[in-house]
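Here's the structure we're looking at; comments come further down.
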Amino acid sequence: MDVLSIILLLVVGYLAYKIFAPTKGVKQVSTTELKPLLNDRKRFYLDVRTPAEFKGNHIKGFKNIPLQTLNSQLNQIPKDKEVLVICQSGMRSKQAIKVLKKAGYSNVTEVRGGMNAWR
29 MDVLSIILLL
39 VVGYLAYKIF
49 APTKGVKQVS
59 TTELKPLLND
69 RKRFYLDVRT
79 PAEFKGNHIK
89 GFKNIPLQTL
99 NSQLNQIPKD
109 KEVLVICQSG
119 MRSKQAIKVL
129 KKAGYSNVTE
139 VRGGMNAWR
């Protein structure tokens with residue numbers, strides 16, 4: 029392996045880590061751990077998938093605010109409640125959590141594995 033290949037491999041590894049690593053200061057729950065938390069009015073349930081994905085299958089109680097429109101709809105999400113965020117696989121929820129944290133939300137939880145893990 030030459031030096032350029034090693035550098036490229038390191039850069040790709042770093043980017044993969046940044047994409048897939050959990051966001052600092054954000055709790056995670058599995059879909060199994062989520063089930064007993066549902067219907068708790070002290071929490072806000074956020075699904076950041078597209079409207080079509082949400083219509084096809086969703087968890088009762090989750091509000092659909094697509095990731096693409098999240099910034100313009102933050103006023104619909106209370107800051108005084110824990111916000112549980114789900115998407116299809118976990119990629120968009122990670123992005124949504126970054127948006128929420130930047131906007132001052134301090135109590136945010138990611139549903140690990142997203143709808144793909146929901147049974």
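The numbering used here puts the sequence shown at residues 29 to 147.
Note that beta-carbon positions come from the ideal geometry of N, C-alpha and C, so glycine has one too.
Since I believe V57 is in contact with V139 (beta carbons under 8 angstroms), could you give me their beta-carbon distance rounded to a whole number of angstroms? As a working note, residue 139 is residue 111 in the sequence shown. As a working note, residue 57 is residue 29 in the sequence shown. The pair is a contact, with the Cβ atoms about 6 angstroms apart (cut-off 8 angstroms).
If we ignore side chains and look at the alpha-carbon of each, how far apart do M29 and L102 end up? As a position in the sequence shown, residue 29 is number 1, starting the count at 1. As a position in the sequence shown, residue 102 is number 74, starting the count at 1. A direct Cα-Cα distance of roughly 48 angstroms separates M29 from L102.
Evaluate the contact criterion for the region 120-133 versus the region 83-91: three or more CB pairs, one atom per stretch, below 8 angstroms. At 8 angstroms Cβ cutoff, the stretches do not touch.
Would you mind listing the alpha helix (DSSP H) stretches within the region 49-77 that are 4+ residues and don't spill past its ends, in chain order? 59-62
K88 in three-state terms, based on DSSP: Indexing the sequence shown from 1 puts residue 88 at position 60. Coil.
Segment limits, alpha helix (DSSP H) that includes I125: Numbered from 1 along the sequence shown, position 97 holds the residue referred to as residue 125. In the DSSP assignment, I125 falls within the unbroken alpha helix (DSSP H) covering 119-130.
Could you spell out the range, first to last residue, of the beta strand (DSSP E) harbouring T137? Mapped onto the sequence shown, residue 137 falls at position 109. Taken as a continuous stretch (DSSP letters only), the beta strand (DSSP E) holding T137 covers 136-139.
Give the DSSP bridge partners of E81, in chain order. In the sequence shown, the residue the question calls residue 81 occupies position 53. Paired residue(s): none; E81 is not in a bridge.
Rounded to a whole number of angstroms, what is the C-alpha to C-alpha distance between D68 and A80? In the sequence shown, residue 68 corresponds to position 40, counting from 1. In the sequence shown, residue 80 corresponds to position 52, counting from 1. Taking the straight line joining both Cα atoms gives about 26 angstroms.
Which partner residues does V31 have in the DSSP bridge list? In the sequence shown, counting from the first residue as 1, residue 31 sits at position 3. DSSP lists no partner for V31.
Identify whether L112 lies in helix, strand or coil by the three-state DSSP scheme. Within the sequence shown, numbered from 1, the residue matching residue 112 stands at position 84. Of the three classes helix, strand and coil, the one that applies to L112 here is strand, per DSSP.
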